[in-house]
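Visitor: First, the structure itself, so that you have it in front of you.
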Amino acid sequence: MSDPLPLDERVRELEQTVARLSARLDALEGSPAPAATRHETAPAAAPAGVAAADSLLPAEDRLAGLPALVGRTCLVLGGAFLVRALTEGGTLSNALGVGLGVLYALAWLFLADRAAAGGDHLSGAFHALASALIVYPLLFEAAARFSLLAPWPAAALLAGATALGLFVAWRRAFRTVAWITVLAALGDGVLLLFRTRAVAAFVCFLLTLAVGSLVLAYGRGWRGQRWVVAITLDAVVALLGALMLLERRPDWISAGPVLLAQLGLVAIYLGAFVLRLLVQEREVTPFAITQTLVALLVGFEGALYIGQGALRTGIAVGALALGAVLHAVLARRTEREVGQEQAFAYFSTLATFLAAESTRVLLPGAIYPALWVAAAVMLAVLALGAARPVLQMHAALLAAAGALGSGLALASVAALAFKAASPWPSLSPTALAVLLLALATAALLVRAGRREEPSPLATFSRITALVVASLGLLGAMARGAGALLAAAPGDAASAGRLAVVRSAILALAALALAGWRSGGGKPELARLAWLVLALGGLKLLAEDLRVGSAVHLVMSLACYGVALIVVPSLLRRARSAARPPSEASPVR
Numbered sequence: 014m015s016d017p018l019p020l021d022e023r024v025r026e027l028e029q030t031v032a033r034l035s036a037r038l039d040a041l042e043g044s045p046a047p048a049a050t051r052h053e054t055a056p057a058a059a060p061a062g063v064a065a066a067d068s069l070l071p072a073e074d075r076l077a078g079l080p081a082l083v084g085r086t087c088l089v090l091g092g093a094f095l096v097r098a099l100t101e102g103g104t105l106s107n108a109l110g111v112g113l114g115v116l117y118a119l120a121w122l123f124l125a126d127r128a129a130a131g132g133d134h135l136s137g138a139f140h141a142l143a144s145a146l147i148v149y150p151l152l153f154e155a156a157a158r159f160s161l162l163a164p165w166p167a168a169a170l171l172a173g174a175t176a177l178g179l180f181v182a183w184r185r186a187f188r189t190v191a192w193i194t195v196l197a198a199l200g201d202g203v204l205l206l207f208r209t210r211a212v213a214a215f216v217c218f219l220l221t222l223a224v225g226s227l228v229l230a231y232g233r234g235w236r237g238q239r240w241v242v243a244i245t246l247d248a249v250v251a252l253l254g255a256l257m258l259l260e261r262r263p264d265w266i267s268a269g270p271v272l273l274a275q276l277g278l279v280a281i282y283l284g285a286f287v288l289r290l291l292v293q294e295r296e297v298t299p300f301a302i303t304q305t306l307v308a309l310l311v312g313f314e315g316a317l318y319i320g321q322g323a324l325r326t327g328i329a330v331g332a333l334a335l336g337a338v339l340h341a342v343l344a345r346r347t348e349r350e351v352g353q354e355q356a357f358a359y360f361s362t363l364a365t366f367l368a369a370e371s372t373r374v375l376l377p378g379a380i381y382p383a384l385w386v387a388a389a390v391m392l393a394v395l396a397l398g399a400a401r402p403v404l405q406m407h408a409a410l411l412a413a414a415g416a417l418g419s420g421l422a423l424a425s426v427a428a429l430a431f432k433a434a435s436p437w438p439s440l441s442p443t444a445l446a447v448l449l450l451a452l453a454t455a456a457l458l459v460r461a462g463r464r465e466e467p468s469p470l471a472t473f474s475r476i477t478a479l480v481v482a483s484l485g486l487l488g489a490m491a492r493g494a495g496a497l498l499a500a501a502p503g504d505a506a507s508a509g510r511l512a513v514v515r516s517a518i519l520a521l522a523a524l525a526l527a528g529w530r531s532g533g534g535k536p537e538l539a540r541l542a543w544l545v546l547a548l549g550g551l552k553l554l555a556e557d558l559r560v561g562s563a564v565h566l567v568m569s570l571a572c573y574g575v576a577l578i579v580v581p582s583l584l585r586r587a588r589s590a591a592r593p594p595s596e597a598s599p600v601r
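Here the sequence shown stands for residues 14 to 601, numbered as in the numbering used here.
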């Protein structure tokens, strides 16, 4: 037999048993056990059945106490209406009535803090709700109805009340109070902005609330509030920008406050994301991606459109500097130091966009498209040594943007599709330079694709670059043929010859892509070859049958027929060469 337990341990075990029985009895009778007893004699573990019962009883107690809490809240609101009645009746002055109402509401917020400190979070939530139902409507009426508060003091009091509510929520880790405060403050701020039409004051308040929601998200992990605040702020800024662009805009809308809202939106969210992702090396979240896109479109692009003169130039210079800094930081830090590949993609995309848009504003139209495609060539060169498909995507998108900005894309489409008699857009020297750089970009991206594992992003980048380069090259060839064959604006024979030349160009393009694929090119070349063949068939129906003579149709059909025969054969050869030896058909 084992030795009996020492007397002091047996006494301690007996005390714990008595304490558990006492706590159980108090719970069943509906009265909580004394706090000291619960804390000092809490058992290390309880049976599963007892734990389940104990977890249900407090919830039942709280549900049973809900009517009392609702009744107490009604009494609290009744006290607030009593102060209002005394104010409206003249017993209290308006200023004194508003002051007493604010103090009355803050007293209940203090009680919410005390209740949360004592562990009664349900009672604290009702105290906070009562406080919000008093102070926020009171401030709205004081500023919008009675004109007791000017816009800036009203915004300051609104910010102060919100800060106190969020302080209580932060201090007690009380998420319910945070939700109550954020929703009430957000609604009050938006209503006061459009009711008082004091854009600057309440835009500053909404921007401050956005900062507070980010602090809650990053400090406490409460991410829901930042979505609500961001969506509301985005909508307000977008609406203000739209009103600013109206031909007959309201007289209370001016450029200064709208620019403050747009630039504040960009500064707060981009600044927070740069600090969070680049400095603290955190993960890229859907919120960061979504809000960055909205901030750039609504805030940055809106500010560039509304800003004029030196202000617009200053915005562009600041964005260019930020893009250059981000590019420099990314160039000096390895992937591990920057964080995950998503972080690198996020910041490199942001930097490229800022740099491209800034140069569009700062440089004349004859320069910036070629500069974009020159940057695309540089990124394609970097992609040869860095296995990062995002660099290839940036190169392809910059090449496409340069083709659009220089007029190369429009001129090529016109040469391949418009009538010869219609005036074609001119092909400027900048467009010719863009064409050469786009061809170099496409060649570099195809070469980079041979050195890396296949990925959807890299495939998309190569297809985009090839489409841009092919469209420009085919358009330039069609323009040259049109200049040689055009005899008179309405000459039918000239139109027929041009249709034949276009058919021949498309057939040669399909053959070239299929041959490139057959010689070891990437699979996307086959898709492009089929796409060119489809366009050629549509062109035969839409142009050759309509404007060509019998002789012209013979030549067009011959070109297209040869392409239809040879292209599938080349692509089958490519598939056979790429098939593993085990899958090849046996030799008989």
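Backbone N, C-alpha and C define an ideal beta-carbon position, used for all residues, glycine too.
Treat the numbers as computed from the prediction; the structure is a model and nothing was measured.
Can you tell me where the alpha helix (DSSP H) holding Q275 begins and where it ends?
Guide: The sequence position of residue 275 within the sequence shown is 262, counting from 1. 268-286 is the extent of the alpha helix (DSSP H) around Q275.
Visitor: Could you tell me whether the region 296-314 touches the region 357-377, where touching means 3 or more Cβ pairs closer than 8 Å?
Guide: With a cut-off of 8 Å, the region 357-377 and the region 296-314 count as touching, because enough Cβ pairs lie within range.
Visitor: Classify L440 as helix, strand or coil using the three-state DSSP reduction.
Guide: Working through the sequence shown from its first residue, we reach residue 440 at position 427. Coil at L440, not helix or strand.
Visitor: Considering just the uninterrupted stretch of the alpha helix (DSSP H) at A191, what are its terminal residues?
Guide: Counting from one through the sequence shown, the residue named residue 191 turns up at place 178. Residues 188-209.
Visitor: Within 10 angstroms of its Cβ, does V111 collect 16 or more other Cβ (buried), or is it exposed?
Guide: As a working mapping, residue 111 is identified with position 98 in the sequence shown. By the neighbour-count rule (16 or more Cβ atoms within 10 Å), V111 is buried.
Visitor: For G269, count neighbouring C-beta atoms within 10 Å of its own C-beta (all shown protein chains included) and say buried if the count is 16 or more, exposed if not.
Guide: Position 256 of the sequence shown holds residue 269. So G269 ends up on the exposed side.
Visitor: Would you report the Cα separation of A389 and A517, rounded to the nearest angstrom?
Guide: Along the sequence shown, one-based indexing puts residue 389 at 376. Along the sequence shown, one-based indexing puts residue 517 at 504. Straight-line Cα distance between these residues: approximately 31 Å.
Visitor: How would you label Q405, buried or exposed, when you count the other beta carbons within 10 angstroms and need 16 or more for buried?
Guide: For the purposes of this step, residue 405 is identified with residue 392 of the sequence shown, where counting begins at 1. Burial call: buried.
Visitor: Taking all protein chains shown into account, do 16 or more other C-beta atoms lie within 10 angstroms of the C-beta of W235, making it buried, or fewer, making it exposed?
Guide: Here residue 235 corresponds to residue number 222 of the sequence shown, with the count starting at 1. By the neighbour-count rule (16 or more Cβ atoms within 10 Å), W235 is buried.
Visitor: CB-CB under 6 Å to A176, same chain, minus the five flanking residues each way: which ones, in chain order?
Guide: Sequence index remark: in the sequence shown, residue 176 carries index 163 (1-based). Cβ within range, chain order: n/a, list empty.
Visitor: For the candidate residues T326, L171, L554, A523, whose alpha-carbon lies nearest to that of V579?
Guide: Position 566 of the sequence shown, counted from the first residue, corresponds to residue 579. It is A523.
Visitor: Determine the burial state of F187: buried for a count of at least 16 other Cβ atoms within 10 Å of its Cβ, exposed for fewer.
Guide: Position 174 of the sequence shown holds residue 187. Buried: at least 16 other Cβ atoms inside 10 Å.
Visitor: Assign Y318 to buried or exposed, taking buried as 16 or more other Cβ atoms, counted over all protein chains shown, within 10 Å of its Cβ.
Guide: Counted from its first residue, the sequence shown places residue 318 at position 305. Y318 comes out exposed.
Visitor: Just to confirm the assignment, what range does the alpha helix (DSSP H) spanning P402 have?
Guide: One-based indexing of the sequence shown puts residue 402 at position 389. 402-419 is the extent of the alpha helix (DSSP H) around P402.
Visitor: Taking 6 Å as the limit between beta carbons, can you name the residues of its chain near V189, skipping five residues before and five after?
Guide: Locating residue 189 in the sequence shown gives position 176, counting from the first residue. Per the sequence shown, residue 189 should be read as Thr rather than Val. Result list for T189: A138, in chain order.
Visitor: Ends of the alpha helix (DSSP H) at P164?
Guide: For the purposes of this step, residue 164 is identified with residue 151 of the sequence shown, where counting begins at 1. First-last of the alpha helix (DSSP H) with P164: 164-184.
Visitor: Between the Cα of A422 and the Cα atoms of R158, L397, V481, T305, which residue gives the shortest distance?
Guide: For the purposes of this step, residue 422 is taken as the residue at position 409 of the sequence shown. Comparing Cα-Cα distances from A422 to each of R158, L397, V481, T305, the minimum goes to V481.
Visitor: Under 8 Å, do F153 and L204 count as touching if we go by C-beta distance?
Guide: Stepping through the sequence shown from its first residue, residue 153 is reached at position 140. Stepping through the sequence shown from its first residue, residue 204 is reached at position 191. Result yes, Cβ atoms of F153 and L204 sit closer than 8 Å.
Visitor: Taking W385 as the reference, give the member of L450, R261, V89 with the closest Cα.
Guide: One-based indexing of the sequence shown puts residue 385 at position 372. For the residues L450, R261, V89, the minimum Cα distance to W385 belongs to L450.
Visitor: Whose C-alpha, out of R185, A129, V115, L124, is nearest the C-alpha of A155?
Guide: Sequence index remark: in the sequence shown, residue 155 carries index 142 (1-based). Of the candidates R185, A129, V115, L124, the one whose C-alpha sits nearest the C-alpha of A155 is V115.
Visitor: How about C217 and A168: do their beta carbons lie closer than 8 Å?
Guide: On the sequence shown, residue 217 is found 204 positions in, with the first residue counted as 1. On the sequence shown, residue 168 is found 155 positions in, with the first residue counted as 1. Yes; because the gap between Cβ atoms is below 8 Å, this pair is in contact.
Visitor: Taking the alpha carbon of A383 as the reference point, which residue from L487, G415, W240 has its own alpha carbon closest?
Guide: What you label residue 383 is simply residue 370 of the sequence shown in a count that begins at 1. When only C-alpha atoms are compared, the closest one is G415.
Visitor: Note down, in chain order, each residue of its chain lying with its Cβ closer than 8 Å to the Cβ of Q238, except the 5 sequence neighbours on either side.
Guide: Indexing the sequence shown from 1 puts residue 238 at position 225. Excluding sequence neighbours, Q238 sits near A191, W192, V195, S226, L229, A230.
Visitor: Return yes when the Cβ of A444 is within less than 8 Å of the Cβ of S419, no when it is not.
Guide: Within the sequence shown, numbered from 1, the residue matching residue 419 stands at position 406. Within the sequence shown, numbered from 1, the residue matching residue 444 stands at position 431. Against a cut-off of 8 Å, the Cβ pair of A444 and S419 comes out as a contact.
Visitor: How is the alpha helix (DSSP H) around D247 delimited, first residue to last?
Guide: Position 234 of the sequence shown, counting from 1, holds the residue named residue 247. Run containing D247: 237-258, per the alpha helix (DSSP H) assignment.
Visitor: Could you work out which residue in I380, A456, P377, A494 is closest to A428 when comparing CA atoms only?
Guide: Along the sequence shown, one-based indexing puts residue 428 at 415. Nearest of I380, A456, P377, A494 to A428, Cα basis: A494.
Visitor: I think V279 touches L253, with their Cβ atoms under 8 Å apart; what is that distance to the nearest whole Å?
Guide: Start at 1 with the first residue of the sequence shown, and residue 279 comes out as number 266. Start at 1 with the first residue of the sequence shown, and residue 253 comes out as number 240. At roughly 14 Å, the Cβ-Cβ gap does not stay under 8 Å, so V279 and L253 are not in contact.
Visitor: Taking C-beta to C-beta, are R233 and W183 nearer than 8 Å?
Guide: The residue you call residue 233 lines up with position 220 of the sequence shown. The residue you call residue 183 lines up with position 170 of the sequence shown. Cβ distance < 8 Å, so R233 and W183 count as in contact.
Visitor: Looking at the unbroken alpha helix (DSSP H) that takes in P150, where does it start and where does it end?
Guide: Numbered from its first residue, the sequence shown carries residue 150 at position 137. Unbroken alpha helix (DSSP H) run through P150: 134-153.
Visitor: Should Q321 go down as buried or exposed, given a rule of 16 or more other Cβ atoms within 10 Å for buried?
Guide: Along the sequence shown, read from residue 1 onward, the residue named residue 321 stands at position 308. By the 10 Å Cβ count, Q321 comes out exposed.
Visitor: For my contact list, Y359 and L290 are in at a C-beta cut-off of 8 Å; report their separation, rounded to the angstrom.
Guide: Position 346 of the sequence shown, counted from the start, is the residue given in the question as residue 359. Position 277 of the sequence shown, counted from the start, is the residue given in the question as residue 290. Right, their Cβ atoms sit about 7 Å apart.
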